[in-house]
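Numbering (this note's numbering), first residue to last: 189 to 335.
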(Lines of atoms letter the chains of each structure in order from A and count residues from 1; the text may use other names and numbers.)
(Lines give C-alpha, C1' and ligand atoms only; values in the text may rest on other atoms or scores of the structure.)
Protein backbone atom coordinates (compact mmCIF):
# COMPACT_ATOMS: atom_id res chain seq x y z
CA UNK A 1 0.00 0.00 0.00
CA UNK A 2 2.74 2.58 0.77
CA UNK A 3 4.37 1.86 -2.60
CA UNK A 4 1.03 2.50 -4.31
CA UNK A 5 0.71 5.86 -2.51
CA UNK A 6 4.26 6.87 -3.42
CA UNK A 7 3.68 5.90 -7.04
CA UNK A 8 0.47 7.95 -7.12
CA UNK A 9 2.24 10.98 -5.60
CA UNK A 10 5.06 10.66 -8.13
CA UNK A 11 2.50 10.73 -10.94
CA UNK A 12 0.89 13.89 -9.55
CA UNK A 13 4.24 15.62 -9.08
CA UNK A 14 5.25 14.65 -12.62
CA UNK A 15 1.95 15.98 -13.95
CA UNK A 16 2.45 19.24 -12.04
CA UNK A 17 5.97 19.60 -13.44
CA UNK A 18 4.69 18.96 -16.96
CA UNK A 19 1.89 21.50 -16.48
CA UNK A 20 4.37 24.10 -15.18
CA UNK A 21 6.76 23.56 -18.09
CA UNK A 22 4.11 23.50 -20.77
CA UNK A 23 2.27 26.53 -19.34
CA UNK A 24 5.53 28.49 -19.36
CA UNK A 25 6.22 27.42 -22.93
CA UNK A 26 2.69 28.32 -24.04
CA UNK A 27 2.81 31.81 -22.55
CA UNK A 28 6.27 32.50 -23.98
CA UNK A 29 5.22 31.15 -27.39
CA UNK A 30 2.00 33.19 -27.47
CA UNK A 31 3.08 36.40 -25.79
CA UNK A 32 6.85 36.37 -26.31
CA UNK A 33 6.59 39.42 -28.56
CA UNK A 34 5.82 41.53 -25.49
CA UNK A 35 8.71 40.27 -23.35
CA UNK A 36 10.75 43.44 -23.85
CA UNK A 37 7.94 45.77 -22.85
CA UNK A 38 7.64 47.08 -19.31
CA UNK A 39 4.82 45.67 -17.23
CA UNK A 40 2.45 48.38 -16.11
CA UNK A 41 0.96 46.26 -13.33
CA UNK A 42 4.30 45.45 -11.70
CA UNK A 43 6.98 47.92 -12.71
CA UNK A 44 9.72 45.98 -10.94
CA UNK A 45 8.61 42.58 -12.31
CA UNK A 46 9.96 41.24 -15.60
CA UNK A 47 8.14 39.18 -18.21
CA UNK A 48 9.94 36.03 -17.07
CA UNK A 49 8.89 36.60 -13.45
CA UNK A 50 5.27 37.08 -14.55
CA UNK A 51 5.41 33.86 -16.58
CA UNK A 52 7.02 31.96 -13.71
CA UNK A 53 4.41 33.05 -11.16
CA UNK A 54 1.50 32.40 -13.51
CA UNK A 55 2.90 28.98 -14.43
CA UNK A 56 3.38 27.90 -10.80
CA UNK A 57 -0.13 28.89 -9.78
CA UNK A 58 -1.67 27.37 -12.90
CA UNK A 59 0.24 24.11 -12.49
CA UNK A 60 -0.95 23.72 -8.90
CA UNK A 61 -4.54 24.53 -9.82
CA UNK A 62 -4.60 22.28 -12.88
CA UNK A 63 -2.94 19.38 -11.04
CA UNK A 64 -5.75 19.52 -8.48
CA UNK A 65 -8.38 19.76 -11.22
CA UNK A 66 -6.84 16.84 -13.11
CA UNK A 67 -6.79 14.85 -9.87
CA UNK A 68 -10.55 15.35 -9.59
CA UNK A 69 -10.95 14.33 -13.24
CA UNK A 70 -8.90 11.18 -12.70
CA UNK A 71 -12.00 9.52 -11.30
CA UNK A 72 -13.72 9.74 -14.70
CA UNK A 73 -13.28 6.36 -16.34
CA UNK A 74 -14.25 7.28 -19.90
CA UNK A 75 -11.00 8.51 -21.40
CA UNK A 76 -12.56 10.53 -24.24
CA UNK A 77 -14.93 12.35 -21.91
CA UNK A 78 -12.08 13.08 -19.51
CA UNK A 79 -9.88 14.40 -22.33
CA UNK A 80 -12.62 16.69 -23.63
CA UNK A 81 -13.29 18.05 -20.14
CA UNK A 82 -9.58 18.64 -19.56
CA UNK A 83 -9.27 20.56 -22.83
CA UNK A 84 -12.38 22.58 -22.00
CA UNK A 85 -10.67 23.60 -18.75
CA UNK A 86 -7.20 24.18 -20.23
CA UNK A 87 -8.05 26.36 -23.20
CA UNK A 88 -9.90 29.17 -21.37
CA UNK A 89 -7.32 29.24 -18.58
CA UNK A 90 -4.44 29.68 -21.01
CA UNK A 91 -6.30 32.26 -23.08
CA UNK A 92 -7.01 34.24 -19.89
CA UNK A 93 -3.35 34.03 -18.86
CA UNK A 94 -2.36 35.29 -22.30
CA UNK A 95 -4.94 38.05 -22.02
CA UNK A 96 -3.50 39.11 -18.67
CA UNK A 97 0.01 39.29 -20.15
CA UNK A 98 -1.27 41.14 -23.22
CA UNK A 99 -3.13 43.74 -21.17
CA UNK A 100 -0.23 44.18 -18.77
CA UNK A 101 2.51 44.53 -21.38
CA UNK A 102 0.82 45.91 -24.49
CA UNK A 103 -2.75 47.03 -24.14
CA UNK A 104 -2.31 49.47 -21.28
CA UNK A 105 0.10 51.43 -23.46
CA UNK A 106 -2.55 51.96 -26.12
CA UNK A 107 -6.24 52.63 -26.29
CA UNK A 108 -8.43 49.76 -27.36
CA UNK A 109 -11.78 48.24 -26.55
CA UNK A 110 -12.21 45.03 -24.60
CA UNK A 111 -13.35 43.30 -27.80
CA UNK A 112 -10.25 44.38 -29.68
CA UNK A 113 -7.96 43.24 -26.84
CA UNK A 114 -9.66 39.87 -26.57
CA UNK A 115 -9.70 39.34 -30.35
CA UNK A 116 -6.00 40.14 -30.61
CA UNK A 117 -5.21 37.82 -27.70
CA UNK A 118 -7.16 34.97 -29.32
CA UNK A 119 -5.43 35.65 -32.63
CA UNK A 120 -2.01 35.35 -30.98
CA UNK A 121 -3.01 32.39 -28.79
CA UNK A 122 -5.03 30.04 -30.97
CA UNK A 123 -2.24 27.89 -32.41
CA UNK A 124 -0.04 27.69 -29.28
CA UNK A 125 -3.00 26.97 -27.00
CA UNK A 126 -4.38 24.20 -29.19
CA UNK A 127 -1.01 22.52 -29.74
CA UNK A 128 0.01 22.71 -26.11
CA UNK A 129 -3.39 21.63 -24.72
CA UNK A 130 -3.28 18.51 -26.89
CA UNK A 131 0.23 17.80 -25.58
CA UNK A 132 -0.93 18.16 -21.97
CA UNK A 133 -3.95 15.92 -22.43
CA UNK A 134 -1.79 13.26 -24.10
CA UNK A 135 0.79 13.55 -21.30
CA UNK A 136 -1.89 13.25 -18.64
CA UNK A 137 -3.31 10.22 -20.43
CA UNK A 138 0.11 8.58 -20.63
CA UNK A 139 0.92 9.30 -16.98
CA UNK A 140 -2.43 7.98 -15.80
CA UNK A 141 -2.04 4.77 -17.83
CA UNK A 142 1.51 3.84 -16.77
CA UNK A 143 1.44 0.63 -14.82
CA UNK A 144 3.64 -0.51 -12.00
CA UNK A 145 6.63 -2.50 -13.28
CA UNK A 146 6.55 -6.04 -11.96
CA UNK A 147 9.65 -7.20 -10.14
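All C-beta atoms, glycine included, are put in the ideal place defined by N, C-alpha and C.
**Prompt:** Contact check, residue 287 vs residue 301 under 8 Å by CB: the rounded distance?
**Reply:** The residue given as residue 287 occupies position 99 in the chain shown. The residue given as residue 301 occupies position 113 in the chain shown. Contact holds; Cβ gap of about 6 Å.
**Message:** For the alpha helix (DSSP H) containing residue 237, name the first residue and the last one.
**Reply:** As a working note, residue 237 is residue 49 in the chain shown. Residues 235-257.
**Item:** Buried versus exposed, by CB contacts within 10 Å (16 or more), residue 283
**Value:** What you label residue 283 is simply residue 95 of the chain shown in a count that begins at 1. Per the 10 Å Cβ criterion, buried.
**Asked** Of all the alpha helix (DSSP H) runs that stay within the bounds of the stretch 263-312, which reach a length of 4 or more residues?
**Response** Counting only runs of 4 or more, we get 263-289.
**Request:** Using alpha carbons as the reference points, say which of 250, 222 and 290 lies closest to residue 273.
**Result:** Here residue 273 refers to the residue found at position 85 of the chain shown. Distances from the CA of residue 273 to each of 250, 222 and 290 were compared; the closest alpha carbon is that of 250.
**Message:** For a test of the three-state rule: what should DSSP assign to residue 224, helix, strand or coil?
**Reply:** Counting from one through the chain shown, the residue named residue 224 turns up at place 36. Reduced to three states, the DSSP call for residue 224 is coil.
**Request:** Determine the direct distance from the alpha carbon of residue 263 to that of residue 328, and round the result to whole angstroms.
**Result:** Position 140 of the chain shown holds residue 328. Position 75 of the chain shown holds residue 263. Those two C-alpha atoms are separated by around 10 Å.
**Through-space distance from residue 313 to residue 239, alpha-carbon basis** = Along the chain shown, read from residue 1 onward, the residue named residue 239 stands at position 51. Along the chain shown, read from residue 1 onward, the residue named residue 313 stands at position 125. CA-CA distance, residue 239 to residue 313, rounds to 15 Å.
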